[in-house]
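Visitor: Per full-length UniProt numbering, the sequence shown starts with residue 1, numbered consecutively.
Just passing along the structure, written as C-alpha cells.
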Amino acid sequence: MDYSSSKRVNGNGEGRLRQKLKKQEIERQDSLAAIRQGKEFHVAGVGEPPEEMMEEADFVQALTELSTSIVEDITETSGMEFMDVGDLIELRSFGGSSELGIFIQPPLQKNGNFLFLTDSGRIKTWLTTGMVFTIPKFAPAESVELLRKYLSQISEGNDALMLDPPRHLTKPLTDKIREFQKNALNVFSSKLPIMERLYDKFSHETEARVISTHEAAKVIFPEGFENHQFYALHLALMDDPRHFIADSGRNHKKTTEFEVRSRKQLEVLRTVTEWLRRKSVTLATGKIAKKHSDVIESFAKKAATLIDKSRELRGSQEDLFKPVEQIPMTEFAWDENDKAIIEFLKCSLCLYWFQTSPFAPHYPQVLKATERYREEWKLDLDLLYIFLMEIGVYRPWENRYRFSRRLPLPYHGLSEGADALADKVAEVDKDAEAAWQKLALKDKMESFREDITETIYAIDDPSAEEIDDGISLTPVSKTESWVHVHVANPTAFLEPDHWIAEMAKEKFQTIYLPEKTFGMIPRGLVDYKWGLSSNRPTLTISVKINNQSGEVLDYKIRFGNAKNVKRLTYENFNTILGHKSTAKPFTLVINPPRDPITGDIIDHNPPNPVVQVSPEEVAVLEQLRNIAVSLKKYRVSSGCLSFLNESFRISINDHPLNPSGSNSVDINSDFPILYKGLPTLAFTRCLPPTAAHETVAEFMLLGGTIVSRFLSTHKIPAPFRSHSIIRRHGAADIWENVLLPERNEMGLIDKRIIRDHFNILGSTRLQAHAESHQLLGIRADPESGIGGYTKATSPLRRYLDMVVHFQLQQAIHNLRDGLPATQNLPYSQAYLEKALPFALTKERTIRDFQQAAEKFWVWKLIRWGTLESKVIPGREHLMPKHYTMELTSKNQYLQASMGLIKEFGVTMKCWFNDEHTHETAEWGCTGDVQIDESMWSRVKVNMRWIKNHPLNKGMPPAS
1 MDYSSSKRVN GNGEGRLRQK LKKQEIERQD SLAAIRQGKE FHVAGVGEPP
51 EEMMEEADFV QALTELSTSI VEDITETSGM EFMDVGDLIE LRSFGGSSEL
101 GIFIQPPLQK NGNFLFLTDS GRIKTWLTTG MVFTIPKFAP AESVELLRKY
151 LSQISEGNDA LMLDPPRHLT KPLTDKIREF QKNALNVFSS KLPIMERLYD
201 KFSHETEARV ISTHEAAKVI FPEGFENHQF YALHLALMDD PRHFIADSGR
251 NHKKTTEFEV RSRKQLEVLR TVTEWLRRKS VTLATGKIAK KHSDVIESFA
301 KKAATLIDKS RELRGSQEDL FKPVEQIPMT EFAWDENDKA IIEFLKCSLC
351 LYWFQTSPFA PHYPQVLKAT ERYREEWKLD LDLLYIFLME IGVYRPWENR
401 YRFSRRLPLP YHGLSEGADA LADKVAEVDK DAEAAWQKLA LKDKMESFRE
451 DITETIYAID DPSAEEIDDG ISLTPVSKTE SWVHVHVANP TAFLEPDHWI
501 AEMAKEKFQT IYLPEKTFGM IPRGLVDYKW GLSSNRPTLT ISVKINNQSG
551 EVLDYKIRFG NAKNVKRLTY ENFNTILGHK STAKPFTLVI NPPRDPITGD
601 IIDHNPPNPV VQVSPEEVAV LEQLRNIAVS LKKYRVSSGC LSFLNESFRI
651 SINDHPLNPS GSNSVDINSD FPILYKGLPT LAFTRCLPPT AAHETVAEFM
701 LLGGTIVSRF LSTHKIPAPF RSHSIIRRHG AADIWENVLL PERNEMGLID
751 KRIIRDHFNI LGSTRLQAHA ESHQLLGIRA DPESGIGGYT KATSPLRRYL
801 DMVVHFQLQQ AIHNLRDGLP ATQNLPYSQA YLEKALPFAL TKERTIRDFQ
851 QAAEKFWVWK LIRWGTLESK VIPGREHLMP KHYTMELTSK NQYLQASMGL
901 IKEFGVTMKC WFNDEHTHET AEWGCTGDVQ IDESMWSRVK VNMRWIKNHP
951 LNKGMPPAS
C-alpha cells in the first residue's frame with residue numbers, strides 16, 4: 001500500500017456493488033484457473049505476497065531440499081508437506097486474514113496445488129505456505145469420499161459444478177466446520193482476559209523469547225485442552241503481533257512457535273508509536289502536540305541532512321567502484337529519542353507473514369517527514385531499508401537477513417546473551433593455548449585410544465575452516481579392504497552440560513554466510529586441539545568392504561590418535577587421479593581489488609596448494625575412489641535415487657586488500673557511519689560434483705551408516721534420519737515403475753522427471769530409533785530395527801553429530817565395563833523423541849536463512865554488475881545480455897511468475913513479454929530473460945521473459 005496518498009474510488013453505492021461483483025467474478029475465474037491449470041492461487045484482495053513466501057510454495061524450494069549435496073551426497077527432503085484427506089487446515093493469506101478448509105484432494109495436475117472445501121461450501125486451492133494450522137482426521141471419511149467422487153466425475157468446462165458442489169454433499173462438512181468455529185470463538189471470548197496475560201508470563205526484560213502454542217496452552221488450560229480450545233489460543237496469539245510474532249507458515253505448522261518481544265523493546269515501540277500517532281493527529285486536526293511533534297521533526301531533520309551527505313559521498317556511479325571507505329559522523333550523535341525511533345524502524349522491517357503488521361500505518365510518516373523521497377515512490381519496507389542505510393544505521397550493502405531474531409547472531413543488536421557468549425569465545429580464540437590450560441579439559445576416551453599410523457587424507461576446499469573428517473585404507477586382499485573414516489572428537493573432552501556444549505546446542509550448527517562464518521564451537525580450540533590433524537584425537541569408524549560389490553563385511557568403532565594427516569583439496573585429488581575436468585567453473589568478480597599503483601586487477605583467490613604424493617599413495621587414492629563407486633552402486637541396487645542441482649559460492653569482502661578486515665558494522669553505534677565505494681563481491685558457479693566430491697561423500701555416508709548400525713544394534717536412542725515416499729495416491733507404483741527405471745547406473749535421474757512427481761517424495765524424518773532411508777538406499781530391518789542412518793562425521797559444525805558422539809562414547813564405556821549399553825546415557829529415548837522434531841525444523845530454518853542471505857548477494861551481484869558494465873571502461877562484457885530461467889511457477893499473464901535463474905542458482909520473479917509467449921511457456925520449461933528495468937525494485941531484481949527455448953530431453957551421464 002502507498003501511504004503517501006489516500007483516494008476514494010466508486011464513492012456511490014451502485015459503484016461499490018458493481019466493483020464487488022466484478023471482484024467476485026475475477027476471483028471465481030482465478031479459482032477455476034488454479035484448479036484446472038494447477039497453478040498457485042492467492043486470494044484476491046490481500047495484496048501480493050512477498051517473494052520469500054512465493055519461493056517457499058515453489059517447486060524450486062523442494063528441489064533445493066531434495067538436491068544432492070556436493071559435500072555429503074545426502075538427499076534431504078522436506079519440500080512438500082502432506083496432509084491426509086479430511087484434515088482441517090487453517091488457510092491464511094499474507095496480511096492476516098484466514099479461513100478454515102477441509103483438505104479434499106491433492107492437485108489435479110502434477111504441478112498443482114491442493115483442493116479444500118471452505119465453510120462457504122466452495123472449493124479453493126491454496127499456497128502450501130499459507131497452511132499454518134492443522135487438525136488431523138477432522139471430517140468423516142465417508143462424507144469426504146462422496147465429495148471426492150463427485151469432483152472426479154466433473155468434465156472440463158463445468159465451471160459452476162467444480163466451484164460450487166451440491167449442498168447435500170457439502171452440508172455435513174460445512175456444518176462441522178462452522179460448529180468448530182463457533183466453539184473456538186466462544187472459548188476465545190471467555191478466555192481472552194487470561195490469554196492477554198500470557199505476555200507477562202513469558203516475556204523477558206531485555207531478551208526476546210520463543211514459546212509454542214503448546215506451551216501457552218498448558219498455562220491457559222492446565223487440565224488439558226480440546227482441538228477447538230487449542231485453535232482459539234492460536235487465534236489469540238496470531239491476532240497479537242505487537243507481542244507475539246509467528247514463525248513463517250512452513251515452519252509454524254510444525255513448531256507452533258512465536259517470538260515474544262522483550263519488555264524493553266515493547267516499551268520503545270509503544271513510546272514511538274504514540275509519538276507518531278500524536279503527530280498524525282496533529283496533522284489531521286491542526287492542533288499542536290508540540291512535545292511529540294518536535295521529537296519526530298528533530299529526528300527527520302537530522303536524517304535528511306545525513307541522507308544528503310550520504311548521497312554526496314556516494315558520488316557518481318563511477319565513484320561507487322572504488323575500495324570501501326568508512327566515514328564516522330560523530331557530530332550527528334544519536335540521542336536517546338533517536339535511538340528509540342531507530343529501534344522502532346528496525347522492528348518495522350520484520351516480515352509478519354500471516355499476521356497484520358502493527359507498524360505499517362506509522363513508519364511511512366518518518367520517511368515522509370524527511371522530504372527526501374519523491375511523492376510517487378512507494379513508502380514500503382524496501383524504502384525503509386534504504387532509509388536506514390542512507391542515515392548510517394546500516395551499511396549501503398547491509399544484508400538484512402542477518403538480523404533475523406530466529407537465529408540471533410552476535411553483535412547484531414539482537415541478543416545480549418549471544419553477545420556475551422561471543423565475548424567469551426573471543427577470549428578463548430585470542431589465546432587458545434592459554435584457554436586450553438585454563439579450561440583443564442580431560443580426554444574421557446584416553447584409555448581407549450590407539451595410535452593410527454596409516455596416512456589419513458583430509459580432503460576439502462582450500463578455504464575450509466573446520467577440518468573434521470578424513471579417510472584412509474588398509475588393503476586385506478585383492479577383493480577386500482578395511483576403509484577407515486576418521487572424525488574429529490571434541491565431545492571426548494566435554495560433558496553435555498559444559499558451556500561449550502551448551503553453546504553448540506544453542507547455535508545448533510555453524511552458519512555460513514557470504515560475509516562471515518559463525519562457528520558452532522570456538523575456532524581457537526578447533527585450530528589448536530580439536531580439528532583433524534596429525535597428533536590429534538579421532539573417532540575412527542573402520543569398515544571391511546568387498547571391493548567389487550560394496551558389501552559391508554565387518555566393522556569396528558575405535559578411538560585413536562592420528563599420527564599422519566595429509567591435507568588434500570578436491571582439485572589435488574582429481575589431478576592426482578587424472579580426473580581433472582576440462583570445464584572451468586564460472587566466476588564473476590564485481591569491483592575487484594586493484595593494485596593502488598598500477599590499477600591492475602588483483603587475483604585474491606587462495607591458490608590451490610601443490611601436494612607431493614608417492615606412487616604408493618596414488619594407488620591408495622585410486623583404490624579409495626574405486627571402493628566409493630562400488631559403495632554407491634550398492635546403494636543404487638537398494639533403491640538410491642538422486643539428482644544434481646546447481647550450486648554456487650559467493651563471498652564478500654569490504655576490505656579486499658586486507659583479508660583480516662572486518663565485515664561487521666557497529667549496529668549499536670552512538671553515531672551514524674556513512675560509506676564511500678563498494679565491497680568486492682565474488683561469485684562462482686560450481687561444476688557438478690567431481691570424483692573427489694563423490695568419494696568423500698560416499699565415505700561420510702558409510703561412516704553414518706555404520707554408526708547407526710552400532711547404535712541400533714545396542715538399542716541406543718540417537719538422532720536417526722529416515723525417509724520413505726508417501727504411501728498413497730499411487731506413489732509406490734510411480735516410484736517403482738517411473739522413477740527407478742529412469743536412473744542411470746549411479747542412481748542419477750533427470751530433474752525434469754523428478755519435477756513431475758515430487759509430490760510423492762515425502763519428507764526426511766528425525767527420530768530416536770532407526771528406520772530405512774529410501775532415497776539414500778540405506779535400509780533398516782523392519783523387525784529388529786537394526787541399520788538405518790545418522791550423521792556422525794561433522795561434530796565441529798553440527799550439534800546433532802555431537803549428540804551422536806556423546807551417546808556412542810557412553811555406550812562404549814558401558815560395554816567395556818560389562819554394563820548394559822543403554823545405562824546412564826546422556827539423552828533418553830523420551831527426551832530425543834520430544835526434541836528431534838524441533839531440531840529438524842531448526843535445521844530447515846538455518847538452511848532457509850543461509851539461502852536467503854545468499855540470494856540477497858545475488859541480487860547485489862546482478863545490480864552492481866549491470867551498473868559496472870555500463871560505467872567502468874573495459875568491463876562492458878562483464879554481465880550477459882540475457883539469462884536462462886527455468887519456469888517454476890506460472891501465473892496469469894499480467895501477474896508475476898517465478899523461475900530459477902540457471903546462471904546464479906536462485907529464484908526470481910518474472911513477467912512475460914507478451915501474451916503469446918506466456919501461453920506457449922510450459923511449467924518447467926526454460927527461456928531467455930532480461931532484467932526488467934521498468935520494474936526495477938530498489939532492493940530486489942525482477943526479470944522479463946522474452947523467449948521460450950525449444951523443449952529438450954536428456955539424461956545426465958554416469959559418473
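Note that the Cβ used here is the ideal one computed from N, Cα and C, for glycine as well.
For clarity, every value in this text was computed on a predicted model and none was experimentally measured.
Report all residues from its chain with a CB closer than 8 Å to the CB of Phe904; omit the five preceding and five following residues, and keep chain order.
Guide: Looking up residue 904 in the sequence shown gives position 904. Phe648, Phe683, Arg685, Val858, Leu861, Ile862, Tyr883, listed in sequence order.
Visitor: Going by the beta-carbon positions, is the gap between Met879 and Thr866 smaller than 9 Å?
Guide: The residue labelled residue 879 in the question sits at position 879 within the sequence shown. The residue labelled residue 866 in the question sits at position 866 within the sequence shown. Yes, these two residues count as a Cβ contact at 9 Å.
Visitor: With DSSP as the reference, please indicate the residues paired to Thr845 in a beta bridge.
Guide: The residue you call residue 845 lines up with position 845 of the sequence shown. DSSP lists no partner for Thr845.
Visitor: State the Cα-Cα distance for the pair Ile946 and Ala921, rounded to the nearest angstrom.
Guide: Here residue 946 refers to the residue found at position 946 of the sequence shown. Here residue 921 refers to the residue found at position 921 of the sequence shown. For Ile946 and Ala921, the distance between alpha carbons rounds to 11 Å.
Visitor: Quick check: Phe387 and Thr273, are their CB atoms within less than 9 Å of each other?
Guide: Within the sequence shown, residue 387 is the residue found at index 387, counting from 1. Within the sequence shown, residue 273 is the residue found at index 273, counting from 1. When the beta-carbon positions are compared, Phe387 and Thr273 stay at least 9 Å from each other.
Visitor: Tell me whether Pro172 sits in a helix, a strand or coil according to DSSP, three-state version.
Guide: Translated into positions along the sequence shown, residue 172 becomes position 172. In this structure, Pro172 counts as helix in the three-state DSSP scheme.
Visitor: What separation, rounded to the nearest whole angstrom, lies between the Cα atoms of Gln317 and Ser310?
Guide: Stepping through the sequence shown from its first residue, residue 317 is reached at position 317. Stepping through the sequence shown from its first residue, residue 310 is reached at position 310. Spanning the two alpha carbons is a distance of roughly 14 Å.
Visitor: What does DSSP give as the partner residue(s) for Arg92 in the beta ladder?
Guide: As a first step, residue 92 must be located in the sequence shown, where it is residue number 92. Beta-bridge pairing links Arg92 to Ser98.
Visitor: Does DSSP put Met908 in a helix, a strand or coil?
Guide: Here residue 908 corresponds to residue number 908 of the sequence shown, with the count starting at 1. Strand.
Visitor: Tell me whether the beta-carbon of Pro537 lies closer than 9 Å to the beta-carbon of Ala488.
Guide: By 1-based counting over the sequence shown, the position of residue 537 is 537. By 1-based counting over the sequence shown, the position of residue 488 is 488. Closer than 9 Å, so yes.
Visitor: Identify, in the order they occur along the chain, each residue of the same chain with its Cβ nearer than 8 Å to the Cβ of Leu192, setting aside the five sequence neighbours on each side.
Guide: What you label residue 192 is simply residue 192 of the sequence shown in a count that begins at 1. Excluding residues within five positions, the ones whose Cβ falls inside 8 Å are Ala236.
Visitor: What beta strand (DSSP E) runs, 3 residues minimum, are completely inside the region 563–590?
Guide: 565–569, 586–590
Visitor: Using the beta-carbon count (16 or more within 10 Å), is Ile597 buried or exposed?
Guide: Locating residue 597 in the sequence shown gives position 597, counting from the first residue. Label assigned to Ile597: exposed.
Visitor: Would you mind working out which of Ile123, Leu276, Leu185, Gln355 sits nearest Arg92, comparing C-alpha positions?
Guide: Within the sequence shown, the letter at position 92 stands for residue 92. Here the closest residue by C-alpha is Gln355.
Visitor: With DSSP run on the structure shown, which of helix, strand or coil describes Ser897?
Guide: In the sequence shown, residue 897 corresponds to position 897, counting from 1. If DSSP states are grouped into helix, strand and coil, Ser897 belongs with the strands.
Visitor: So if DSSP puts Glu325 in a beta bridge, which residue, or which two residues, is it bridged to?
Guide: Taking the first residue of the sequence shown as 1, we reach residue 325 at position 325. In DSSP, Glu325 forms a bridge with Lys676.
Visitor: Nearest to Leu796 by alpha carbon, out of Asp928, Val613, Lys507, Thr370?
Guide: The sequence position of residue 796 within the sequence shown is 796, counting from 1. Cα-wise, what sits closest to Leu796 is Lys507.
Visitor: Between the alpha carbons of Pro717 and Asn824, how many angstroms are there, rounded?
Guide: Position 717 of the sequence shown, counted from the start, is the residue given in the question as residue 717. Position 824 of the sequence shown, counted from the start, is the residue given in the question as residue 824. Cα to Cα, the separation comes out at about 12 Å.
Visitor: Going by C-alpha to C-alpha distance, which of Ala492, Phe133, Glu312, Asp750 sits closest to Ile812?
Guide: In the sequence shown, the residue the question calls residue 812 occupies position 812. Per the Cα distances, Ala492.
Visitor: Using DSSP with H/G/I as helix, E/B as strand and the rest coil, what is Ser712?
Guide: Locating residue 712 in the sequence shown gives position 712, counting from the first residue. Helix, per DSSP.
Visitor: Between Arg374 and Leu381, what straight-line distance do the alpha-carbon atoms span, to the nearest angstrom?
Guide: Along the sequence shown, one-based indexing puts residue 374 at 374. Along the sequence shown, one-based indexing puts residue 381 at 381. Taking C-alpha positions only, Arg374 is separated from Leu381 by approximately 15 Å.
Visitor: Measure the beta-carbon distance from Ile194 to Phe138 and round it to whole angstroms, keeping in mind my assumption that it falls under 8 Å.
Guide: Within the sequence shown, residue 194 is the residue found at index 194, counting from 1. Within the sequence shown, residue 138 is the residue found at index 138, counting from 1. Not quite, the Cβ-Cβ distance comes to about 26 Å (not below 8 Å), so this is no contact.
Visitor: With Gly785 and Ala768 assumed to form a contact (beta carbons below 8 Å), what rounded beta-carbon distance in angstroms separates them?
Guide: The residue labelled residue 785 in the question sits at position 785 within the sequence shown. The residue labelled residue 768 in the question sits at position 768 within the sequence shown. Rounded, the Cβ-Cβ distance is 11 Å, inconsistent with contact.
Visitor: Would you be able to state if there are at least three C-beta pairs under 8 Å between the region 113–124 and the region 163–178?
Guide: yes
Visitor: Excluding the five sequence neighbours on either side, which residues of its own chain have a C-beta within less than 6 Å of the C-beta of Leu588, listed in chain order?
Guide: In the sequence shown, counting from the first residue as 1, residue 588 sits at position 588. Same-chain partners within the cutoff: Phe683.
Visitor: Measuring CB atoms only, is the region 703–718 touching the region 802–820, in the sense that at least three cross pairs come out at less than 8 Å?
Guide: Of all C-beta pairs linking the region 703–718 to the region 802–820, three or more are shorter than 8 Å, placing the two stretches in contact.
Visitor: Following the continuous beta strand (DSSP E) through Ile211, name the residue where it begins and the one where it ends.
Guide: For the purposes of this step, residue 211 is taken as the residue at position 211 of the sequence shown. Looking at the DSSP string, the run of the beta strand (DSSP E) that includes Ile211 is 209–212.
Visitor: To which residues does DSSP link Asp469 through a beta bridge?
Guide: Taking the first residue of the sequence shown as 1, we reach residue 469 at position 469. Val487.
Visitor: Just the C-alpha distance for Phe559 and Gln810, rounded to the nearest angstrom, thanks.
Guide: Numbered from its first residue, the sequence shown carries residue 559 at position 559. Numbered from its first residue, the sequence shown carries residue 810 at position 810. The alpha-carbon atoms of Phe559 and Gln810 are separated by roughly 13 Å.
Visitor: I'd like to know whether the C-beta atoms of Lys529 and Ala432 end up nearer to each other than 9 Å.
Guide: The sequence position of residue 529 within the sequence shown is 529, counting from 1. The sequence position of residue 432 within the sequence shown is 432, counting from 1. In contact: Lys529 and Ala432 (Cβ atoms closer than 9 Å).
Visitor: Under a three-way DSSP split, which group does His949 fall into?
Guide: Here residue 949 refers to the residue found at position 949 when the sequence shown is read from its first residue. Three-state DSSP puts His949 in coil, outside helix and strand.
Visitor: Which residue wins for smallest C-alpha separation from residue 979, given the options Ile778, Ser794, Val620?
Guide: Residue 979 cannot be examined here, being either before or after the span of the chain that is shown, 1 to 959.
Visitor: In this structure, how does DSSP classify Ile341 when only helix, strand and coil are distinguished?
Guide: As a working note, residue 341 is residue 341 in the sequence shown. If DSSP states are grouped into helix, strand and coil, Ile341 belongs with the helices.
Visitor: Determine, using beta carbons only, whether Asp451 and Lys566 come nearer to each other than 9 Å.
Guide: Counting from one through the sequence shown, the residue named residue 451 turns up at place 451. Counting from one through the sequence shown, the residue named residue 566 turns up at place 566. For the pair Asp451 and Lys566, the CB atoms are not nearer than the 9 Å cut-off.
Visitor: By Cβ distance below 6 Å, which residues in the same chain neighbour Val428 in space, the five residues on each side in sequence not counted?
Guide: Walking along the sequence shown from the start, residue 428 turns up at place 428. Taken in chain order, the residues that qualify are Ala435, Pro522, Gly524.
Visitor: Can you find the residues in the same chain that come closer than 7 Å, C-beta to C-beta, to Pro585, ignoring five residues on each side of it along the sequence?
Guide: Stepping through the sequence shown from its first residue, residue 585 is reached at position 585. Correct list, in chain order: Thr684, Arg685, Cys686, Leu687.
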